[in-house]
Amino acid sequence: MSIGVLYVVATPIGNLQDFSPRAQSVLRQVDLIAAEDTRHSRHLLKHFGITTACQSLHEHNERQQSSVLLQRLQLGEDIALISDAGTPLISDPGCYLIQSALAVQIRVVAIAGPSALISALSVAGFRADRFVFEGFLPAKALARRQRLDSLAHETRTLVFYEAPHRVLDSLNEMVQSFGQEREAVLVKELSKVFETVYRDSLGGIVKWLGVGRQKGEFVLVVQGAPPPDNNVLTPEVKRIFQLLGKELPLKKAAKLTSEITGVSKNSLYAFGLEQKKL
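Take the sequence shown: its position 175, counting from 1, is numbered 175 in full-length UniProt numbering, and each next residue is one higher.
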């Protein structure tokens with residue numbers, strides 16, 4: 001008996017015309033569809049006349065349900081994994097199932113299609129050859145601020161998902177961590193009737209969003225930080241270096257300051273030697 005195939009199927013993020021014929025065909029032919037929310041997915045499946053049985057697979061039951069799905073796959077059944085919208089696993093459940101399937105040599109096949117991440121990045125106008133996808137930021141303010149602070153000097157384009165009830169708080173904290181002049185693009189309701197792509201500084205987006213525009217599904221694309229000039233010793237860099245130099249040998253102080261600030265340790269070491277001559 002042949003082992004079944006696990007298909008990872010992308011579904012529309014809004015516009016139903018984005019649902020590929022291949023994706024529809026796979027969902028019709030498989031023995032079972034594992035859906036993040038079966039109630040939500042049934043509307044999509046009914047629209048396209050797909051009557052395949054569904055089983056829920058979400059973040060709260062994934063480990064338990066995965067063992068059942070693996071047994072069915074090993075018995076020769078084909079299963080399709082879908083999320084509520086877009087490409088599964090991109091800030092959606094399914095990773096444990098995929099890892100478990102691969103561990104027992106079950107074939108996993110991607111059925112490509114819509115992704116809010118890639119769609120937003122493609123229209124933002126920032127560099128997209130290298131980027132950082134952060135998904136949803138932490139729900140708690142302190143953890144969210146710590147995550148943003150850790151990204152303040154990231155030079156690659158940053159992409160975030162955010163919920164409508166938290167988007168303004170997150171943007172205000174980005175202003176604090178990245179500065180209000182950092183350029184960004186807010187994309188809401190991708191591929192839907194009221195799709196909006198708003199380009200401005202972070203400060204400008206906060207003002208624009210704060211007047212009753214906080215409904216919808218959001219993707220925020222933030223321009224990366226400018227590359228540091230590794231030879232420029234700002235007053236703040238010098239202050240950090242001098243403070244560390246009081247407790248550490250010159251070479252170690254230069255190395256640690258470089259790790260903190262991104263400034264070349266050779267430049268710092270040379271500066272320290274000059275200071276000793278004064």
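By construction, the Cβ of each residue, glycine as well, lies at the ideal position given by its N, Cα and C atoms.
- Query: By a C-beta neighbour count over all protein chains shown, 10 Å radius and 16 as the cutoff for buried, is P93 buried or exposed?
  - Reply: Position 93 of the sequence shown, counting from 1, holds the residue named residue 93. It is buried - the Cβ of P93 has at least 16 other Cβ atoms within 10 Å.
- Query: Of all the beta strand (DSSP E) runs that stay within the bounds of the region 42-79, which reach a length of 3 or more residues?
  - Reply: As summarised for the region 42-79, the continuous beta strand (DSSP E) elements at least 3 residues long and confined to that stretch are 54-56, given in chain order.
- Cβ distance (whole Å) where V108 is taken to contact I118 below 8 Å: As a first step, residue 108 must be located in the sequence shown, where it is residue number 108. As a first step, residue 118 must be located in the sequence shown, where it is residue number 118. Wrong, their Cβ atoms sit about 20 Å apart, outside the cutoff.
- Between the CA atoms of E162 and L202 - distance to the nearest angstrom: The count along the sequence shown starts at 1 and reaches residue 202 at position 202. The count along the sequence shown starts at 1 and reaches residue 162 at position 162. So the alpha carbons of these two residues sit roughly 15 Å apart.
- Check whether the Cβ atoms of V159 and V219 sit closer than 8 Å, and answer yes or no. Against the sequence shown, residue 159 aligns to sequence position 159. Against the sequence shown, residue 219 aligns to sequence position 219. Against a cut-off of 8 Å, the Cβ pair of V219 and V159 comes out as a contact.
- May I ask you to verify whether the region 3-15 touches the region 75-86, counting CB pairs closer than 8 Å and requiring at least 3? yes
- Does the distance from the CB of T157 to the CB of R182 come in under 8 Å? Within the sequence shown, numbered from 1, the residue matching residue 157 stands at position 157. Within the sequence shown, numbered from 1, the residue matching residue 182 stands at position 182. Annotated as distal: T157 and R182, with beta-carbon spacing of 8 Å or more.
- Task: Kindly indicate which residue of N172, E217, L89 has the alpha-carbon position closest to the one of residue 279.
- Result: What the structure shows of the chain is the stretch from 1 to 278, and residue 279 is not part of that stretch, so it cannot be assessed.
- Message: Using CA atoms only, rank isn't needed, just tell me which of P249, Y96, L244, G272 is closest to I260.
- Response: Position 260 of the sequence shown, counted from the start, is the residue given in the question as residue 260. Among P249, Y96, L244, G272, the Cα nearest to that of I260 is on L244.
- Task: For the region 135-145 and the region 36-49, state whether three or more C-beta atom pairs, one from each stretch, are separated by less than 8 Å.
- Result: Contact between the region 135-145 and the region 36-49 is not established, with fewer than three Cβ pairs separated by less than 8 Å.
- Task: On the DSSP bridge assignment, give the partners of T257 in chain order.
- Result: Here residue 257 refers to the residue found at position 257 of the sequence shown. According to DSSP, which records beta bridges pairwise, T257 is partnered with nothing at all.
- Item | For S122, three-class secondary structure by DSSP | The residue given as residue 122 occupies position 122 in the sequence shown. Under the three-state reduction of DSSP output, S122 falls in the helix class.
- Task: Have a look at V222, G212, F133 and flag the residue whose alpha-carbon is nearest the alpha-carbon of A124.
- Result: Counting from 1 along the sequence shown, the entry for residue 124 is found at position 124. Here the closest residue by C-alpha is V222.
- Output the boundary residues of the alpha helix (DSSP H) element that contains K238. Position 238 of the sequence shown, counted from the first residue, corresponds to residue 238. Element bounds for K238: 235-245.
- Query: Between the C-alpha atoms of S122 and S91, what's the straight-line distance to the nearest angstrom?
  - Reply: Residue numbering aside, residue 122 sits at position 122 when the sequence shown is read from its first letter. Residue numbering aside, residue 91 sits at position 91 when the sequence shown is read from its first letter. Going by the C-alpha atoms only, they are around 18 Å apart.
- Task: Since I believe A80 is in contact with I33 (beta carbons under 8 Å), could you give me their beta-carbon distance rounded to a whole number of angstroms?
- Result: The sequence position of residue 33 within the sequence shown is 33, counting from 1. The sequence position of residue 80 within the sequence shown is 80, counting from 1. About 5 Å; that satisfies the 8 Å criterion.
- Query: For V185, which residues of its own chain have a beta-carbon under 6 Å away from its beta-carbon, when the five flanking residues on both sides are left out?
  - Reply: Along the sequence shown, read from residue 1 onward, the residue named residue 185 stands at position 185. Here the set comprises A124, R199, V221.
- Task: Tell me, to the nearest whole angstrom, how far the beta carbon of A35 is from that of S56; I am working on the premise that it is less than 8 Å.
- Result: Along the sequence shown, one-based indexing puts residue 35 at 35. Along the sequence shown, one-based indexing puts residue 56 at 56. Indeed they touch by this definition, with Cβ atoms about 6 Å apart.
- Item | 3-residue-minimum beta strand (DSSP E) runs that sit fully inside the region 174-198, ordered along the chain | With a minimum length of 3 residues, the continuous beta strand (DSSP E) runs that stay inside the region 174-198 are 183-188.
- L220 by DSSP, collapsed to three states: which one? Residue numbering aside, residue 220 sits at position 220 when the sequence shown is read from its first letter. It is a strand residue.
- Query: Straight-line CA distance for T234 to L268?
  - Reply: Numbered from its first residue, the sequence shown carries residue 234 at position 234. Numbered from its first residue, the sequence shown carries residue 268 at position 268. Rounded to the nearest whole angstrom, the C-alpha separation of T234 and L268 is 11 Å.
- Query: What's the gap between the Cα of E247 and the Cα of H153?
  - Reply: Numbered from its first residue, the sequence shown carries residue 247 at position 247. Numbered from its first residue, the sequence shown carries residue 153 at position 153. Straight-line Cα distance between these residues: approximately 26 Å.
- Of all the options M174, Y7, L168, which has the alpha carbon lying nearest to the alpha carbon of G212? Here the question's residue 212 lines up with position 212 in the sequence shown. Taking only the C-alpha atoms, the option nearest G212 is L168.
- Assign A110 to one of two classes, buried (16 or more other C-beta atoms within 10 Å of its C-beta) or exposed (fewer than that). Translated into the one-based positions of the sequence shown, residue 110 becomes position 110. When all chains shown are included, A110 counts as exposed.
- Give the secondary structure of A101 by DSSP, where H, G and I count as helix, E and B as strand, and everything else as coil. What you label residue 101 is simply residue 101 of the sequence shown in a count that begins at 1. Correct three-state label for A101: helix.
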